[in-house]
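Reading the sequence shown from the start, the letters are residues 1 to 214 in UniProt numbering. Backbone N, C-alpha and C define an ideal beta-carbon position, used for all residues, glycine too. On a predicted model such as this, the values are computed, not experimentally measured, just so you know. To keep things clear, I will list the structure first and then write my remarks on it.
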Amino acid sequence: METPMKCDSLQDRASLRNGVRMPILGLGTSHSGGYCHSTVVYALRDCGYRLVDTAKRYGCEHYLGQAIAESGVPREDLFVATKLWPRDYAGAGGAGPRCALRASMERLAVDYLDLYLMHWPECPSECGDRQRTLDETWRQLELLHDEGLCRAVGVSNYERDDLERLLEACSLAPHVNQVEFHPHYAPEELVRFCRSEGILFQAGWPTGRAGRGC
Numbered sequence: 001m002e003t004p005m006k007c008d009s010l011q012d013r014a015s016l017r018n019g020v021r022m023p024i025l026g027l028g029t030s031h032s033g034g035y036c037h038s039t040v041v042y043a044l045r046d047c048g049y050r051l052v053d054t055a056k057r058y059g060c061e062h063y064l065g066q067a068i069a070e071s072g073v074p075r076e077d078l079f080v081a082t083k084l085w086p087r088d089y090a091g092a093g094g095a096g097p098r099c100a101l102r103a104s105m106e107r108l109a110v111d112y113l114d115l116y117l118m119h120w121p122e123c124p125s126e127c128g129d130r131q132r133t134l135d136e137t138w139r140q141l142e143l144l145h146d147e148g149l150c151r152a153v154g155v156s157n158y159e160r161d162d163l164e165r166l167l168e169a170c171s172l173a174p175h176v177n178q179v180e181f182h183p184h185y186a187p188e189e190l191v192r193f194c195r196s197e198g199i200l201f202q203a204g205w206p207t208g209r210a211g212r213g214c
């Protein structure tokens, strides 16, 4: 196993390919296990967490926005990341990437995102051509990044073959790939590939989860 990036405190940050500095450790707010408002406020205000990760799918963006305000931490000190659900991918019958991003920002009560991720390399069956949908969705994320609505863009749950197809079609490579990674599931080859392409590999579920031997 490769030596992991060293982290001495919650204030340590890693540089993305475009120079944006992202905290190495962050607070996830997945719907699994439930959302606890007081815990999020405590983590931000008293423990020093600065990266908060959420998604439309988790159903807690609005509550997280309230927690951010209640914590008193200045917006410029935070790194706010959320995810685009496949139903809102280009041509998938939902809001579409631009409207979905703006809706997430409204729920989070922020005027920009630090990181916006495509949640899965899948799309609703009615989209027809899966890869065309994924490629067009990514192109729209590139535009949102160029317009300054999100400081960085990335993907979530992408395997190497998913990334290779995306890299063939994109103008801007993902800054981040967020994937499950812990002692019971450690896709080292994917980590190496991301590093070789300048994509920061962000570990999700770092302490493990049900179904992975823990």
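In the displayed model, F181 falls within coil according to three-state DSSP, outside both helix and strand. A contact between stretches requires three or more CB pairs, one per stretch, nearer than 8 Å, and the segment 132-139 meets this requirement with the segment 87-97.
Beta-bridge analysis with DSSP links T82 to Y116.
The beta carbon of K83 is closer than 8 Å to those of T54, A55, K56, R57, Y116, L117, M118, H119, S156 in its chain, skipping five residues each way along the sequence. Counting every other CB atom within 10 Å of its CB across the protein chains shown gives T29 a total of 16 or more, marking it as buried. Restricting attention to alpha helix (DSSP H) runs no shorter than 4 residues, the segment 38-72 encloses them at 61-71, ordered along the chain. As a beta-bridge residue in DSSP terms, Q202 pairs with Q178. With contacts defined by Cβ atoms closer than 8 Å, R151 and V20 form a contacting pair.
Across the structure, P121 and G154 are spaced so that their CA atoms are roughly 11 Å apart. Between V41 and S71, the gap from beta carbon to beta carbon is short of 8 Å.
Under DSSP, V155 forms a beta bridge with M118, N177. In this structure, Y185 keeps its C-beta atom at 8 Å or more from the C-beta atom of G148.
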